[in-house]
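Here this note's numbering runs 73 ahead of the position in the sequence shown, where the first position is 1.
We put the CB at the ideal spot given by N, CA and C, even for glycine.
As the structure is a computational prediction, the values presented were derived from the model and not from experiment.
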Amino acid sequence: MEASNFVGKIDVITTQYGEIIKFKLGPNDFKALEEAKNDSGWVVVDIKEGKKGKYAQINTYKAKGDAPQGGNRVAPAAPQVQDDFPF
Numbered sequence: 074m075e076a077s078n079f080v081g082k083i084d085v086i087t088t089q090y091g092e093i094i095k096f097k098l099g100p101n102d103f104k105a106l107e108e109a110k111n112d113s114g115w116v117v118v119d120i121k122e123g124k125k126g127k128y129a130q131i132n133t134y135k136a137k138g139d140a141p142q143g144g145n146r147v148a149p150a151a152p153q154v155q156d157d158f159p160f
């Protein structure tokens with residue numbers, strides 16, 4: 074497991090028009106993101122709510138089996154409905 078998979082700094086600014094979320098990345102964050110790329114070159118970063126505000130964490134979940142994360146899922150079959158009722 075990585076030493077730390079937290080990246081960046083998040084500030085939430087409230088304006089008269091609503092919230093602005095600022096996500097700041099530094100040089101060490103870019104290195105961590107580069108190392109966290111999946112086979113397709115993507116990095117998933119989760120923005121979470123903590124006791125002291127929002128924070129960003131690299132999502133290191135790996136799907137079991139050969140199916141890629143989030144893709145090629147098959148929906149369960151719909152239940153068979155009997156439509157030849159005797160009434």
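Please report the residue range of the beta strand (DSSP E) in which residue i lies.
i	result
A109	Counting along the chain, A109 falls outside any beta strand (DSSP E), and DSSP gives it neither H nor E.
V118	V118 to G123
Y128	G126 to I131
K95	G91 to K97
Starting from the Cα of residue i, find the closest Cα among the options and give me that residue.
i	options	result
K125	E107, V85 and N78	V85
N101	P149, D119 and A109	A109
K97	T133, W115 and I83	I83
Q130	K137, E92 and V118	V118
If you draw a straight line from the alpha carbon of residue i to that of residue j, how long is it in whole angstroms?
i	j	result
I120	P149	30 Å
K104	Q89	36 Å
I94	G81	12 Å
D112	F79	21 Å
V116	Y128	16 Å
G114	E122	26 Å
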